[in-house]
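Everything below concerns the one structure shown next.
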Amino acid sequence: MIQLVRGFKDILPPETSVWQYIENTAKTHFENFGFREMRPPVLEQAALFQRSIGEHTDIVEKEMYTFAGSRDTLLTLRPEATASVVRAYIQHKLYAADPVAKFYTIGPMFRKERPQKGRYRQFQQINAEVFGVDAPYLDAQLIFMLMTFFARLSVSGLQVHLNSLGCPQCRPAFKESLSHMLSAQSDKLCADCLRRLEKNPLRVLDCKVPGCRKVVAEAPSMLDYLCRSCQVHFDAVKSALEGMAVPYEIDPWLVRGLDYYTRTAFEIQTAELGAQNAVAGGGRYDNLVEMLGGPSQPAIGFAVGLDRLADLVMAKFPPAEPGPEVFFLPMGEAAMEMTAHWASLLADAGVRTEVDFSGRSLKALMRRADRMGAQNVLMIGDQEIADRAVVLRNMKTRDQVQVPLDALVENVKAHLEKPNVA
RNA sequence: GUGGGUGUAGCUCAGUUGGCAGAGCACCAGGUUGUGGCCCUGGGGGUCAUGGGUUCAAGUCCCAUCACUCACCCCA
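With the numbering used here, letter number 10 in the first sequence gets 39, and the count goes up by one each step, no holes.
What follows is the structure, given as C-alpha cells:
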C-alpha cells in the first residue's frame, strides 16, 4: 500500500479538534492585538528564501524543497513564512497608505530535515509580523501577546529567552572579536564548530558539545558590544517586559538560525518536548524589507510551532470526541427513510446528530450509540410510525419519553433544552 | 547527512536451543424475537515491514532495503 511520505503526518480526529481550538484561540487573540490574517501561497521563487534567510544557512543549503518551475525559475516550498509576508508587503505596496501593518498567517512550512520528536518535514506555524514600527515597546508587546496566548491555552512551564543581536553598526566588531577568540581556542572546539567558525561564528555560541560550551563560557557576549542605540532599545524592551510582569531570561547565547535578524531575538522554550525545546521564536528584522527591494521599514515577527504547541496542549488535555446529542436508531426500511429526513432537518437546525443505517439489531445500534457517547438516542420502528410518535431516550438517566412525529425537530429541541434531572 | 533503538491481529505486546501464529483490549454475533454499560459463550480477523540467503524446517539466524522512533546537526 502507498504510505505517507517520510517526515509528513496525518492529523486525525480527535486530535484535529485540538488544532482547531489552538487556531481559533490564536485568531481571536491576535486580532484583539490588531493583527489581520494574510494568506500567502506555500510556493515561492527559490530566490526569495536565498536572499532573505541567507545563502549559507542550513535551511537554504540543504533543507529546502526546491524544483524547477517554468522557464529558468526555481520554485521552493516555503521553509518559513516571514519572507513571503515581506514579499507581499512590498509587492502590493501595503506600506503606501500606512507603513505600519500587522499580519498573522497560519499554515504549513516545509524543511527537508531528518524527522524526530517535534520536528517534521511539513510543520504548521502561526506567524505574526509587524512592519513600520521600531519602538522597543512593540517588541515587548509581542512577547506579551505570545505569553498570554499560551496562557489562554493553559500551557505552562514556558520560559522567555531574550537576547539582542545588535545591528550592522555594532555586530561586525563583535563577530570579529568572537572569531578571534574562538580561533585562538580552536583546538578545543568540535568538528562542527570548526566549520561554523568559518561560515558563521555566531552559531558556535549555541553548540551543545561540553568542550565547546566551556570555550563559549569565556567568549565575549554580543551584549557587551551593543552600540548606543541598540543598548537603549534592548534596555527599553527589558523594562517594558518588567512593566507588564513578563518574566524573562537574558540568554546571550541565543542565536537565531536565520541571517536576517537584528536587535531583539527571543525564543519561548519548554522542558517538556525533548530536544526540540523551542515552541516559538522570533525577533527583529529591521533590514529585511529593504534587502528584498522594499522601502526602509523596520519589522519584527515571530513564529509559533503548532505541532509542538499541540503536543503541549494534548499532554494536558487529551482530546475527546464530543458524541452526538441525538443518535437516530431506525428499525426497518420505512423508519430509515423517515430518519434520513428528520435527522437531516435536526442537524440543519443546529443539533449534533448521528444516524445508524446499518439495519442491525437494536441492541447493536444501542451499543454503538453508547460507545460513541450519544447523549440521547431516538428510536423509530414500525410501532412508532403507527403511533406517530418516536421514543427519545436519555442515555445517562435512562428516561424515555414519546415525542410526536409531527414537528419533530421543534419537539426534540424543546425536549433537549429541558434541564436534566439526573 | 551521521548514530542508536524498534517493526508480529485495529491497538498494546508475548513468542524459549529454529519445530502447527498467541494473549489482553477492541470489533462482530448470541445469551435478551425492540433497549447500551457489567457478566457469560462463541466468532471473524496475520504478506510475522519488504526482498533475498542459510536450513528438512525461519517470526526466530545472516544480508540488503523500507518505515517508524530517539539523538546529533539545525530549527518552530
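Ideal placement from N, C-alpha and C gives every residue a C-beta, glycine not left out.
Handout entry: Burial state of Phe357, where buried means 16 or more other Cβ atoms lie within 10 Å
Key = buried
Exercise for the section: Return the Cβ separation of Pro327 and Asp87 in integer angstroms, given the expectation that the two are a contact with Cβ distance under 8 Å. Expected result: Their Cβ separation, rounded to whole angstroms, is 27 Å, which puts Pro327 and Asp87 out of contact at 8 Å.
Practice task
Could you tell me if His370 is buried or exposed, where buried requires 16 or more neighbouring beta carbons within 10 angstroms of its beta carbon?
Solution key: exposed
Problem - Status (buried if at least 16 other CB within 10 Å, exposed otherwise) for Thr293 - result: buried
Handout entry: Closest Cα partner of Lys425 within the set Ala418, Ala398 and Glu439
Key = Ala398
Practice task
Could you please give me the residues that DSSP links to His190 through a beta bridge?
Solution key: Glu278 and Glu296
Exercise for the section: Note down the Cα distance separating Pro324 from Tyr277, rounded to an integer number of angstroms. Expected result: 33 Å
Practice task
Would you identify the three-state DSSP class for Glu52, choosing helix, strand or coil?
Solution key: helix
Problem - Minimum C-alpha distance to Phe37 - residue among Pro137, Val114, Val115 and Glu44 - result: Pro137
Problem - Own chain residues within Cβ distance below 8 Å of Ala130, not counting five before or after - result: Tyr118, Leu123, Tyr124, Val159, Phe160 and Gly161
Handout entry: Cross-strand partners of Ala328 (DSSP beta bridge)
Key = Phe160
Practice task
Assess, as a yes-or-no matter, whether the segment 296-305 is touched by the segment 188-205 under the definition of 3 or more beta carbon pairs within less than 8 Å.
Solution key: yes
Practice task
Determine the direct distance from the alpha carbon of Leu106 to that of Leu283, and round the result to whole angstroms.
Solution key: 27 Å
Practice task
Could you check what DSSP says for Lys131 in three-state terms: helix, strand or coil?
Solution key: strand
Exercise for the section: Can you tell me which of the three DSSP states Asn440 falls into? Expected result: helix
Exercise for the section: Return the CA-CA distance between Glu52 and Ile135, expressed in angstroms with no decimal places. Expected result: 8 Å
Handout entry: Nearest to Ile409 (by Cα), restricted to the options Leu103, Val384, Thr102 and Gly402
Key = Val384
Exercise for the section: Using beta-carbon positions only, say whether Thr291 and Arg313 come within less than 8 Å of one another. Expected result: yes
Handout entry: Pairwise C-alpha distance: Met67 and Leu231
Key = 33 Å
Handout entry: According to DSSP, residues forming a beta bridge with Val333
Key = Ile155 and Ala309
Handout entry: Cross-strand partners of Asn423 (DSSP beta bridge)
Key = Asn405
Problem - CB-CB length for Leu77 against Arg116, believed under 8 Å - result: 6 Å
Practice task
Use the C-beta contact count for Asn61: other C-beta atoms within 10 angstroms, 16 or more gives buried, fewer gives exposed.
Solution key: exposed
Problem - Three-state secondary structure assigned by DSSP to Leu103 - result: strand
Exercise for the section: Tell me whether the beta-carbon of Ile414 lies closer than 8 Å to the beta-carbon of Ala364. Expected result: yes
Problem - Straight-line gap, Ala220 to Ser208 (C-alpha atoms, nearest Å) - result: 15 Å
Problem - Exposure label - His121; buried when at least 16 CB within 10 Å - result: exposed
Problem - Three-state secondary structure (DSSP) of Pro230 - result: helix
Exercise for the section: Can you have a look at Val441 and say buried or exposed, based on whether 16 or more other CB atoms are within 10 angstroms of its CB? Expected result: buried
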